[in-house]
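Okay, so the sequence shown: first residue is 139 according to our numbering, each after it adds one.
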Amino acid sequence: MPDTTPDSRVRANAIQSQGHTASPDKDKDGGEPAASGQTAPPTGQRADCSPPLSDAELVQLRVRVIALENIVIALLAQSSERQLELAREMADHISPRPGFTTHPVTIHAAAEMNSLVRRAHAFQSGAYLPRDDAQTE
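Pasting the structure below:
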């Protein structure tokens, strides 16, 4: 059965072109006029006008992320110790510092970066084996 969902690149181009069309009813800042009962986004920001992703698009996105993650592990496995240390430093850099608000997504991202480095090291040393508790699809 053919996929009836429009290609994400086509959708992105359509959305981008919508944001750059001039219209006489736009306000002086270049944004869309606020509809009754709605507030306009702050100057310099566009409202998210993209429709929600379909299930098929979410599955495809997940597959692409998994593929990219494994490519990154393979590339890191070929990296020098200095490059691996640089990846660890970047994870430390995005981690919250004392006095700043912690953000769970950033904390998780830093942990994932360190996980990629550890997995690359295991792959490099030949000890890369799937965990028994790893989920398979």
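Ideal Cβ placement from N, Cα and C applies to all residues, glycine included. Just so you know, these numbers come straight off a predicted model, no measurement behind them.
### Message
Extract the residue ranges of the alpha helix (DSSP H) inside the stretch 180-255, only unbroken runs of 4 or more that lie entirely within it.
### Response
DSSP runs (the alpha helix (DSSP H)) wholly in the stretch 180-255: 193-215 and 219-232.
### Residues near asparagine 252 in its chain [Cβ-Cβ closer than 6 angstroms; skip 5 each side]
For the purposes of this step, residue 252 is taken as residue 114 along the sequence shown, with counting starting at 1. The residues Ala229, in chain order, have a CB closer than 6 angstroms to that of asparagine 252 in the same chain once the five nearest residues on each side in sequence are set aside.
### Query
Around the C-beta of valine 197, are 16 or more other C-beta atoms found within 10 angstroms, so that it is buried, or is it exposed?
Indexing the sequence shown from 1 puts residue 197 at position 59. Counting Cβ neighbours within 10 Å, valine 197 comes out exposed, since fewer than 16 surround it.
### Query
Would leucine 213 be called buried (16 or more neighbouring beta carbons within 10 Å of its own) or exposed?
Indexing the sequence shown from 1 puts residue 213 at position 75. Leucine 213 is exposed by the Cβ-count criterion.
#### Entry: Whole-angstrom distance between serine 217 and glutamine 262, CA atom to CA atom
As a first step, residue 262 is located in the sequence shown; it is residue number 124 there, counting from the start. As a first step, residue 217 is located in the sequence shown; it is residue number 79 there, counting from the start. Using only the alpha carbons, I get a separation of about 9 angstroms.
### Message
For a quick check, are the C-beta atoms of valine 255 and arginine 226 less than 8 angstroms apart?
### Response
On the sequence shown, residue 255 is found 117 positions in, with the first residue counted as 1. On the sequence shown, residue 226 is found 88 positions in, with the first residue counted as 1. A Cβ-Cβ contact shorter than 8 angstroms links valine 255 with arginine 226.
### Task
Take valine 203 as the anchor and find which of Glu250, Ala260 and Leu224 has the nearest alpha-carbon.
Walking along the sequence shown from the start, residue 203 turns up at place 65. Comparing alpha carbon positions, the residue from Glu250, Ala260 and Leu224 closest to valine 203 is Glu250.
#### Entry: Contacts around serine 233, its chain only, beta-carbon distance under 8 angstroms, and the 5 residues preceding and following it disregarded
Here the question's residue 233 lines up with position 95 in the sequence shown. Here the set comprises Thr244, Ile245 and Ala248.
### Query
Which class does alanine 265 belong to by DSSP, given the choice of helix, strand or coil?
Translated into positions along the sequence shown, residue 265 becomes position 127. Per DSSP, reduced to three states, the secondary structure at alanine 265 is coil, with no helix or strand assignment.
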